[in-house]
Every structure is written in C-alpha cells, then in structure tokens.
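In my numbering, the protein residues as written are 41 to 165.
Quick look at the structure:
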C-alpha cells in the first residue's frame with residue numbers, strides 16, 4: 041500500500057507544525073499551505089491528495105471556499121475540516137459543502153490520527 045498523501049491548510053503555523061509532526065510519524069506524506077490561494081496552487085500542481093485537512097477560518101478566503109474549489113477538480117479526495125468553532129451550523133454548512141469529517145481544535149495526536157483514518161475510511165465507502 042502506498043503512503044497516504046495529505047494536504048494541510050491552515051494559517052496558524054503552530055497547528056500546521058503539530059499536524060506535520062503527528063502525521064509524518066505515522067508515515068504519511070504531507071504538503072502544507074498557509075492559505076486558500078497557496079492550497080489551490082498546490083492542488084493544481086500536485087493533486088489529487090488522498091485527504092485535505094483544512095482549517096475553516098482563514099484570512100481572505102475560508103475553508104468552505106477551498107472545499108468548493110477542491111470538489112470541482114478532485115471529487116473523490118477526502119476532506120477533513122478542523123476548527124476551533126465546531127457548531128451544528130458549521131457541521132451542516134461543511135457537510136453540505138463537501139466535507140467528509142470534522143475535528144475540533146485543539147486536538148490530541150490520537151484524535152487527529154483517528155479523524156484522518158475515519159475520514160479516509162468513510163470516503164472510501
């Protein structure tokens with residue numbers, strides 16, 4: 041089985057670095073983007089990924105916009121949204137927009153790994 045490829049998108053460098061350390065330790069191959077525009081460029085050059093892990097709240101454009109863009113080009117890519125504001129409204133908007141899973145920040149390494157694995161498994165059907 042080939043290594044899982046993940047695109048991490050968050051404007052918070054501490055969150056990105058934490059995700060990187062946790063997921064690289066699990067043998068996953070990662071690319072990081074600090075905003076929606078950078079993520080779109082990476083998707084265009086290196087997509088599709090097995091999973092995109094994206095924050096919702098970012099400057100200029102949010103994670104919902106990014107998911108819409110990603111779904112147009114990569115409808116089978118799994119999407120896991122992370123947010124510090126996990127509400128029923130956020131879940132509804134994200135699910136309607138194409139998110140496959142959600143994780144609330146802050147999270148433990150075990151929670152992140154579990155959410156990534158569950159999201160990939162659910163997307164695969």
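Each residue gets a CB set at the ideal place from its N, CA and C atoms; glycine is no exception.
As a quick exercise: from the options, pick the residue whose alpha carbon is nearest that of residue i.
{"i": "residue 49", "options": "132, 153 and 59", "result": "59"}
{"i": "residue 115", "options": "139, 124, 126 and 122", "result": "139"}
{"i": "residue 74", "options": "147, 124 and 57", "result": "57"}
{"i": "residue 72", "options": "84, 90 and 53", "result": "53"}
{"i": "residue 162", "options": "42, 91 and 62", "result": "91"}
Starting from residue i and walking both ways along the alpha helix (DSSP H), at which residues does that stretch end?
{"i": "residue 158", "result": "149–164"}
{"i": "residue 60", "result": "53–64"}
{"i": "residue 130", "result": "128–137"}
{"i": "residue 82", "result": "76–86"}
Is the separation between the beta-carbon of residue i and that of residue j shorter than 8 Å?
{"i": "residue 76", "j": "residue 100", "result": "yes"}
{"i": "residue 119", "j": "residue 94", "result": "yes"}
{"i": "residue 145", "j": "residue 117", "result": "no"}
{"i": "residue 98", "j": "residue 51", "result": "yes"}
{"i": "residue 152", "j": "residue 69", "result": "no"}
{"i": "residue 87", "j": "residue 124", "result": "no"}
{"i": "residue 82", "j": "residue 106", "result": "no"}
How many whole angstroms separate the CB atoms of residue i and residue j, which I take to be in contact at a CB cut-off of 8 Å?
{"i": "residue 96", "j": "residue 89", "result": "Rounded, the Cβ-Cβ distance is 18 Å, inconsistent with contact."}
{"i": "residue 155", "j": "residue 141", "result": "6 Å"}
When you compare only the Cα positions, how much space is there between residue i and residue j?
{"i": "residue 137", "j": "residue 127", "result": "15 Å"}
{"i": "residue 108", "j": "residue 85", "result": "18 Å"}
{"i": "residue 149", "j": "residue 67", "result": "14 Å"}
{"i": "residue 131", "j": "residue 42", "result": "31 Å"}
{"i": "residue 147", "j": "residue 102", "result": "20 Å"}
{"i": "residue 65", "j": "residue 78", "result": "24 Å"}
{"i": "residue 165", "j": "residue 143", "result": "20 Å"}
{"i": "residue 129", "j": "residue 160", "result": "23 Å"}
Mind checking which residues open and close the beta strand (DSSP E) that includes residue i?
{"i": "residue 141", "result": "141–144"}
{"i": "residue 100", "result": "No beta strand (DSSP E) contains residue 100, which DSSP labels as neither H nor E."}
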